[in-house]
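Take a look at the structure set out below.
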Amino acid sequence: MPTIVVEVMPKAELLDPAGKAVAGALHRLGHASIRDVRIGKRFELHVDGEVDAALLETAQQLAADMLSNGVIEDVISVHVDGVAGETR
Amino acid sequence: MRIGVVTFPGSLDDRDAQRAIRLAGAEPVALWHGTHDLMGVDAIVLPGGFSYGDYLRCGAIAARSPIMAEVIDAANSGMPVLGICNGFQILVEAHLLPGGLIRNDHGDFIRRDQRLRVESTDSAWTNGFELGQEITIPLKNGEGGFIADEATLDRLEGEGLVAFRYLDVNPNGSLRDIAGLRNERGNVVGLMPHPEHAVEPGFGPNTPEAMRSGVDGLTFFTSVLTALVGRL
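Those sequence lines, one after another, are chains A and B.
With the working numbering, the residue at position 39 of the first sequence is 668, and numbering never jumps.
With the working numbering, the residue at position 216 of the second sequence is 1066, and numbering never jumps.
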């Protein structure tokens, strides 16, 4: 079953407390070279049939309208799993 | 006057909002997220809680529930709509108010009796306050940090759309101490603190006069009755 992957990250200028907590834990474990951690979201949309241009466009629209909130997040990528190349 | 309170999966303060409406002298009407029926109400409250477990983003899934199509239409037609806490998050996700609400800057859930300054009385839910009046109502949130870009913040300030500002401490990192907003028309108001928890002596925040005697939240619900009577 084809999978459309949508990746969303909190905007770079916004504080990411969850990422900050993980970074703190990594530092305590001795990984001093990992300076910063940011946590985003990966959605996997399992679809029936082939992924055509129209479906990919629908996914892009959903990524922008519902799966992310443009005030606080950026859509990093919308792509078909296993297919190289990002669509945005 | 009949005021609807929408219950979503994960709403917590719907019963408290109903009680506040009753204490203000109106009839509360329970509305259900899964229907398209506003049951002929005159105004709507979107209550606090954790709809859909805050999955995706706070308020994001609730903002796309069936009844929200009717709520959005009603709000755009001028019906008074109040969003409290999760309700504010839902209003923002439904694009009825601008900006976004993110995790508190200190990372912790916070609960305190919060002092606020009333920054706008030109709304259906704040007309009973004095401009600049200082009120105290409970606040309780984990993701109450209000953000928007600079241009939006400047517009909100310039057009007088900031309804409430935090006093004493900024409890969640909200930009420009913004605790609540109204829309241009004044029928839609959203805020993170909880007016419905400060409506009855004995059950509200402490005041210098007596413990638990704070009822500053009641004015939200009496204001909307004034607004509705004015429209008749």
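A virtual CB, placed ideally from N, CA and C, is assigned to each residue, including glycine.
Please read all numbers here as calculations on a predicted model, not as lab measurements.
> Does the separation of the CB atoms of Val634 (chain A) and Asp681 (chain A) fall below 8 Å?
Replying inline: Your numbering for residue 634 (chain A) matches position 5 in the first sequence. Your numbering for residue 681 (chain A) matches position 52 in the first sequence. Contact: no.
> Using a C-beta cutoff of 8 Å, does Ala1001 (chain B) count as contacting chain A?
Replying inline: As a working note, residue 1001 (chain B) is residue 151 in the second sequence. So no, Ala1001 (chain B) is outside the interface.
>> Strictly below 8 Å CB to CB, what residues from chain A border Gly950 (chain B)?
In response: The count along the second sequence starts at 1 and reaches residue 950 (chain B) at position 100. Near Gly950 (chain B) (Cβ distances below 8 Å), the residues of chain A are Asn698, Val700 and Ile701.
>> Threshold first: 3 residues or longer. Then list the beta strand (DSSP E) segments lying entirely within the region 644-715 of chain A, N to C.
In response: 670-675 and 702-709
>> Which residues does DSSP list as the beta-bridge partners of Phe861 (chain B)?
In response: As a first step, residue 861 (chain B) must be located in the second sequence, where it is residue number 11. Note that residue 861 (chain B) is Ser in the sequence shown here, rather than Phe. B:Gly899.
> Listed in chain order, which residues of the region 674-688 of chain A have Cβ atoms closer than 8 Å to some Cβ of chain E?
Replying inline: Absence of chain E from the displayed structure is noted, the protein chains being A and B.
> When the Cα atoms are used, what is the spatial distance from Ala919 (chain B) to Ala913 (chain B)?
Replying inline: As a first step, residue 919 (chain B) must be located in the second sequence, where it is residue number 69. As a first step, residue 913 (chain B) must be located in the second sequence, where it is residue number 63. Roughly 9 Å separates the two Cα atoms.
> Can you name the start and end residues of the beta strand (DSSP E) that Val1038 (chain B) belongs to?
Replying inline: Reading the second sequence from its first residue, position 188 is the one you call residue 1038 (chain B). Per DSSP, Val1038 (chain B) belongs to the beta strand (DSSP E) from Val1038 to Leu1041.
> If Ile853 (chain B) sits next to Val1074 (chain B), beta carbons under 8 Å apart, how far is it from one beta carbon to the other, in whole angstroms?
Replying inline: Within the second sequence, residue 853 (chain B) is the residue found at index 3, counting from 1. Within the second sequence, residue 1074 (chain B) is the residue found at index 224, counting from 1. With a Cβ gap of about 7 Å, Ile853 (chain B) and Val1074 (chain B) count as contacting.
> Below 8 Å between beta carbons: does that hold for Gly1040 (chain B) and Gly937 (chain B)?
Replying inline: For the purposes of this step, residue 1040 (chain B) is taken as residue 190 along the second sequence, with counting starting at 1. For the purposes of this step, residue 937 (chain B) is taken as residue 87 along the second sequence, with counting starting at 1. Yes.
>> Under 8 Å, CB to CB, which of the residues in the region 642-673 of chain A have a partner in chain B?
In response: Leu643, Leu644, Pro646, Ala647, Lys649 and Ala650
> Name the DSSP beta bridge partners of Tyr1016 (chain B), please?
Replying inline: One-based indexing of the second sequence puts residue 1016 (chain B) at position 166. In DSSP, Tyr1016 (chain B) forms a bridge with B:Leu966.
> I think Leu1110 (chain B) touches Ser970 (chain B), with their Cβ atoms under 8 Å apart; what is that distance to the nearest whole Å?
Replying inline: Outside the displayed span of chain B (851 to 1082) sits residue 1110 (chain B), for which this structure offers no information.
> Comparing alpha-carbon positions, which option in A:Glu686, A:Val637 and A:Val651 lies nearest Arg664 (chain A)?
Replying inline: Taking the first sequence and counting its residues from 1, one reaches residue 664 (chain A) at position 35. Nearest of A:Glu686, A:Val637 and A:Val651 to Arg664 (chain A), Cα basis: A:Val651.
> By the 10 Å Cβ neighbour count, where 16 or more other Cβ atoms means buried, how is Tyr905 (chain B) classified, buried or exposed?
Replying inline: As a position in the second sequence, residue 905 (chain B) is number 55, starting the count at 1. The residue is exposed, with fewer than 16 neighbouring Cβ atoms inside 10 Å.
> To the nearest angstrom, how far is it from the Cα of Asn1020 (chain B) to the Cα of Phe1014 (chain B)?
Replying inline: Here residue 1020 (chain B) is taken as the residue at index 170 of the second sequence, counted from 1. Here residue 1014 (chain B) is taken as the residue at index 164 of the second sequence, counted from 1. Going by the C-alpha atoms only, they are around 12 Å apart.
> Which value, in whole angstroms, describes the spacing of the CA atoms of Val891 (chain B) and Gly1036 (chain B)?
Replying inline: To locate residue 891 (chain B), count along the second sequence from 1; it is residue 41. To locate residue 1036 (chain B), count along the second sequence from 1; it is residue 186. One C-alpha to the other measures close to 18 Å.
>> Can you pull the chain A neighbours of Leu1007 (chain B), defined as C-beta to C-beta under 7 Å?
In response: Within the second sequence, numbered from 1, the residue matching residue 1007 (chain B) stands at position 157. The residue asked about is misnamed: residue 1007 (chain B) is Glu in this sequence, not Leu. Here the premise fails: no neighbours, minimum Cβ distance about 17 Å.
>> Less than 7 Å separating the Cβ of Arg965 (chain B) from some heavy atom of the ligand SAH?
In response: The ligand SAH is not part of the structure shown, which contains no ligands of any sort.
> Closest Cβ-Cβ distance between Arg961 (chain B) and chain A: below 8 Å?
Replying inline: Looking up residue 961 (chain B) in the second sequence gives position 111. Chain A contact via Cβ: absent.
> Which partner residues does Ala893 (chain B) have in the DSSP bridge list?
Replying inline: Taking the second sequence and counting its residues from 1, one reaches residue 893 (chain B) at position 43. Paired residue(s): B:Ile853.
> Taking the alpha-carbon positions, what's the Gly949 (chain B) to Met1061 (chain B) distance?
Replying inline: Here residue 949 (chain B) is taken as the residue at index 99 of the second sequence, counted from 1. Here residue 1061 (chain B) is taken as the residue at index 211 of the second sequence, counted from 1. When rounded, the distance between both Cα atoms is 36 Å.
> So is Met695 (chain A) in contact with chain B if we call contact Cβ pairs under 8 Å?
Replying inline: Here residue 695 (chain A) corresponds to residue number 66 of the first sequence, with the count starting at 1. Yes, Met695 (chain A) lies at the interface with chain B (some Cβ there is under 8 Å from its Cβ).
> If contact means a Cβ-Cβ distance below 9 Å, which residues of the region 969-998 of chain B contact chain A?
Replying inline: Gly995, Ile997 and Ala998
> In terms of alpha-carbon separation, which member of B:His883, B:Arg865, B:Gly978 and B:Gln983 lies closest to Thr1072 (chain B)?
Replying inline: Taking the first residue of the second sequence as position 1, residue 1072 (chain B) is located at position 222. The shortest Cα separation from Thr1072 (chain B) among B:His883, B:Arg865, B:Gly978 and B:Gln983 belongs to B:Gly978.
> Should Ala910 (chain B) be flagged as near chain A, meaning a C-beta pair shorter than 8 Å?
Replying inline: Counting from 1 along the second sequence, the entry for residue 910 (chain B) is found at position 60. Yes, contact with chain A.
> Who are the neighbours of Asp955 (chain B) on chain A, taking C-beta pairs under 8 Å?
Replying inline: The count along the second sequence starts at 1 and reaches residue 955 (chain B) at position 105. Per Cβ cutoff of 8 Å: Leu644 and Pro646.
> Shortest alpha-carbon distance to Ser1024 (chain B) belongs to which of B:Gly992, B:Pro1045, B:Thr857 and B:Leu862?
Replying inline: Locating residue 1024 (chain B) in the second sequence gives position 174, counting from the first residue. Nearest of B:Gly992, B:Pro1045, B:Thr857 and B:Leu862 to Ser1024 (chain B), Cα basis: B:Gly992.
>> Can you tell me where the alpha helix (DSSP H) holding Glu943 (chain B) begins and where it ends?
In response: Position 93 of the second sequence holds residue 943 (chain B). Here the alpha helix (DSSP H) through Glu943 (chain B) covers Asn936 to Glu943.
>> Across the region 681-700 of chain A and the region 864-884 of chain B, are there enough close Cβ pairs to call them in contact, namely three or more that are closer than 8 Å?
In response: no
> Per the contact definition of three or more C-beta pairs closer than 8 Å, is the region 636-643 of chain A in contact with the region 652-672 of chain A?
Replying inline: yes
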